[in-house]
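Those letters in the sequence shown? Residues 849 to 1045, per our numbering, in order.
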Amino acid sequence: MTGFRQEPVGGLVHPKTFHTALANHVFLSTQYIRHASHPFYTPEPDVVHEMVGHTAMLAVPEWAELNRLFGEADMRTQSEAAITRLGTVFWFVMEFGACRENGDIKAFGPGMLSSFGEIEHACTAGAACGREDACVCDPEIEYRTPDFEEIETRPYDVTKYQPMLYLWDSFEQMFQETSEFVKAWGTEADPRRELHR
């Protein structure tokens, strides 16, 4: 539907390899399934995550375009520090993205879409969240207004539910702002261009 195809990989690959494939409309997909003792969340991508999360979302034209743009941004990047920062933005926006829809918090990131436990943790805990810049709606999760300067250096732990998420006002807002960010990444217009070399 959007020109993407999947290619199998045996496990996690370097972010540069993963993103370069995205630039070429290829999604590298793992082939194993999560352990039965952890059905609600897996710290490493499995076939459930790939199919329920990524494959379903790659049918959405805007989402497919963002994946491709992340790949192109990574191809303009040479330093490991810049690759890591871009990967962190990918994590918080593309894996664990959430937005408001009709007053409710909705998941769109495959990291949440493929994890019943993560969705329950993220989308029901803060359902009454206001529109403040940074609000804590539940003792277990914090919702923050997206700020790419903050996002690219924010630490995260892949082994547990995310204690903090960036919450967009809409999917359209996320698409527009993230598109602008990754299109500028590593270009002469990027204020952090020295980081990329």
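Think of the CB as a built atom: it goes at the ideal place given N, C-alpha and C, for glycine as much as any other residue. As the structure is a prediction and not an experimental result, all values here were calculated from the model.
Residue environment, residue i, which counts as buried when at least 16 other CB atoms sit within 10 Å
i, result
"V1030", "buried"
"E949", "exposed"
"H862", "exposed"
"P958", "buried"
"Y991", "buried"
"Q1024", "exposed"
"G859", "exposed"
"P909", "exposed"
"S885", "exposed"
"Q926", "exposed"
"E968", "exposed"
"P994", "buried"
Nearest neighbour of residue i, chosen from the options [CA to CA]
i, options, result
"L914", "L860, M942, P863, G851", "M942"
"A946", "P1011, S885, G965, M1022", "M1022"
"A1032", "G859, A921, R1002", "A921"
"T1054", "N872, F918, A955", "Outside the modelled stretch of the chain, which goes from 849 to 1045, sits residue 1054, for which no answer is possible."
"H902", "L934, T850, R924, M923", "T850"
"D1005", "E1020, P994, F940, P1039", "F940"
"E997", "R1040, F852, G951", "R1040"
"D952", "L1043, L1015, Y1009", "L1015"
"T1035", "A970, M923, S962, E928", "M923"
"T1001", "L934, S962, F944", "L934"
Between the CA atoms of residue j and residue i - distance to the nearest angstrom
i, j, result
"R916", "E855", "15 Å"
"K864", "L1013", "24 Å"
"F875", "A1037", "28 Å"
"L870", "V857", "14 Å"
"L906", "S1027", "16 Å"
"H867", "T932", "12 Å"
"G974", "F1019", "Any reading at G974 must be qualified, since the residue scores a pLDDT of 46, below 50, and its modelled position is unreliable; no value is offered."
"D955", "T1007", "The amino acid occupying residue 955 in the given sequence is Ala; Asp does not appear at that position. Distance between the alpha carbons of A955 and T1007 is about 19 Å."
"A930", "F938", "12 Å"
"E966", "M960", "5 Å"
"S963", "S877", "17 Å"
Residues that residue i bridges to, as DSSP identifies them
i, result
"W1016", "C947"
"S877", "P856"
"R1041", "Looking at the DSSP assignment, R1041 forms no beta bridge with any residue, so it has no partner."
"E898", "Answer by DSSP bridge pairing: none, since E898 is not bridged."
Checklist entry - At which residue ranges does the region 909-955 contain complete beta strand (DSSP E) runs of 3 or more residues, listed in the order of the chain? => result 946-949, 952-955
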